[in-house]
Amino acid sequence: MSSNGDLSELGSSESFWEPGNYKRTVKRIDDGHRLCNELVTCFQERAKIEKHYALQLSDWAKRWRVVVEKVSVESTKKSYHQAKKEEWTAANREAHAKADPTKSQEEVRKYTTRVERCNQDTEKVKERYSKALEELNRCNPRYMEDMEQVFDLTQEAERKRLCFFKDVLLDIHTHLDLSSKDSFKALYQDLGQTIRAANETEDLRWWRNTHGPGMSMNWPQFEEWSPEASRSISKRMHSGNSEENVVTLTNIVSSAGDNVPPSPITLDTSRVKDYSSDWSDDESPKKVAVNGVGEEEEEQVEGVRVKALYDYTGQEADELSFKAGEELLKLGEEDEQGWCKGQLSNGQIGLYPANYVHVIAS
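The following block contains the structure:
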């Protein structure tokens, strides 16, 4: 990377003090500038290659994520619950038929045969469900080990960043030392104490327990189906509030423990799909909101102009997609989960992450 040329020729070269011999030094400076540009170009080409690879890797991950997410546990669980529902329905029909004097023995026998067949199907599906759950649980230790190894790498990188920031701030603090002046002495001492109070170990520990392997995990467990399970749904609607779509579910019976009282589960209905048709023969389909807004919310709302800081691609039907720098209209305040309701320039209304935009100064 040196632009000095062949060092063996320096001894036989003419003196620097001779007229015009300064041009060698000028050429050396020019060559150094050119070499710097070539080095930058080299890194830029490498960055383009890695960016292209990252895009291909992202496409590959999206394609295989669909396959991985269709795990056998969920499918067999759904099949088992459906089989139990059919078995329960057949048993009720058989009981009604036996109690009805107008039913013939042949009709009662058909209901009995139906119940027996449902019992056999239920046992088969239950066995598949249990095996799928066992296979999944066998992978848990390896999964946790791999995840923790990768997480430790991120923790180490974060530790280096925190230490670097701390060193830089302390260096700035040293160069801005105004402690010799009485008017700045207290300010300087407070600044030094604040910087030294930064504890990278405590920060990493907090992140591990709050967002890493230290968090608790509800591993999938066998869930028995029960016809007595009911749902108590309460909604509180008022505009501009994150509590406008709250659903409380109770009486969810689990086979993990018979003595555990049912605890309410709060769900955000704007982020949950409607699966009621899978569990009830009598319930009619609910009206689905378009662009995240129902028919009752079609009235005009005065909004605030905001600009996107980053690109965002909506993962759900009620989410907006936009590019960095694109302007949109904020229609509501941020909810407890960090989402806001907004409107694109084309009129589409939906949800977006609140920290992806900033308000445009008027």
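So the sequence shown is numbered by full-length UniProt numbering: it starts at 1 and just counts up by one. Here a beta-carbon is modelled for each residue, glycine too, at the ideal position from N, C-alpha and C.
TODO: Can you check the UniProt region "Disordered" (86 to 106) for any beta strand (DSSP E) of at least 3 residues that lies completely inside it and give the ranges in chain order?
DONE: none
Open item on the list: Between the segment 322 to 331 and the segment 342 to 359, can you find at least three pairs of beta-carbon atoms closer than 8 Å?
Closed with: Enough Cβ pairs lie closer than 8 Å, so yes.
Open item on the list: Just to confirm before moving on: does the CB-CB distance between T76 and R128 stay below 7 Å?
Closed with: yes
Open item on the list: What does the Cβ neighbour count give for V125, buried or exposed, with the cut at 16 atoms within 10 Å?
Closed with: buried
Open item on the list: Between the alpha carbons of L351 and L320, how many angstroms are there, rounded?
Closed with: 6 Å
- [ ] List the residues that DSSP assigns as beta-bridge partners of L309.
- [x] The partner list for L309 (beta bridge, DSSP) is empty, contrary to what the question assumes.
TODO: Grab me the residues of S15's own chain with a C-beta within less than 8 Å of its C-beta, minus the 5 sequence neighbours each way, in chain order.
DONE: N21
Open item on the list: To the nearest angstrom, how far is the alpha carbon of E334 from that of V357?
Closed with: 12 Å
- [ ] Can you grab the Cα-Cα spacing for the pair I148 / P213, in whole Å?
- [x] Ile is not the amino acid found at residue 148; the sequence shown has Glu there. The straight-line gap from Cα to Cα measures roughly 6 Å.
Task: Contact check, E87 vs T122, beta carbons under 7 Å - done: yes
Task: Outcome for A361 when other beta-carbon atoms lying within 10 angstroms are tallied against a minimum of 16 - done: exposed
Open item on the list: With three or more beta-carbon pairs closer than 8 Å as the criterion, would you say the segment 79 to 95 touches the segment 142 to 157?
Closed with: no
TODO: Say whether the segment 46 to 60 touches the segment 189 to 202, bearing in mind that this needs 3 or more beta-carbon pairs closer than 8 Å, one atom from each stretch.
DONE: no
Task: Cβ pair count under 8 Å reaching 3, the segment 131 to 146 against the segment 217 to 226 - done: yes
Task: Counterpart residues of G350 in DSSP-defined beta bridges - done: G342
Open item on the list: If you reduce the DSSP assignment to three classes, tell me which class Q323 lands in.
Closed with: The sequence as given places Lys at residue 323; Gln does not occur at that position. For K323, the secondary structure class from DSSP, reduced to helix, strand or coil, is coil.
TODO: Tell me H358's beta-bridge partners as DSSP assigns them.
DONE: K307
Task: Simplified DSSP state of L55, which is helix, strand or coil - done: Of the three classes helix, strand and coil, the one that applies to L55 here is helix, per DSSP.
- [ ] Using 10 angstroms around the beta-carbon of F164, count the other beta-carbons present and answer buried if the total reaches 16, otherwise exposed.
- [x] exposed
TODO: Return the Cβ separation of R208 and Q155 in integer angstroms, given the expectation that the two are a contact with Cβ distance under 8 Å.
DONE: 7 Å
Open item on the list: Rounded to whole angstroms, what is the Cα-Cα separation between residue 414 and A91?
Closed with: The structure shown does not extend to residue 414, since the chain is modelled only from 1 through 362, so no value can be given for it.
- [ ] Go ahead and pull the three-state DSSP assignment for L204.
- [x] helix
- [ ] Inspect the beta-carbon positions of A198 and K166 and report whether they are closer than 7 Å.
- [x] yes
Open item on the list: I need the straight-line Cα distance from D311 to L55, nearest angstrom please.
Closed with: 15 Å
Task: Residues that K330 bridges to, as DSSP identifies them - done: V304 and G342
TODO: Determine, using beta carbons only, whether S72 and A132 come nearer to each other than 7 Å.
DONE: yes
TODO: With a threshold of 16 other CB atoms inside 10 Å of the CB of H81, please say whether the residue is buried or exposed.
DONE: buried
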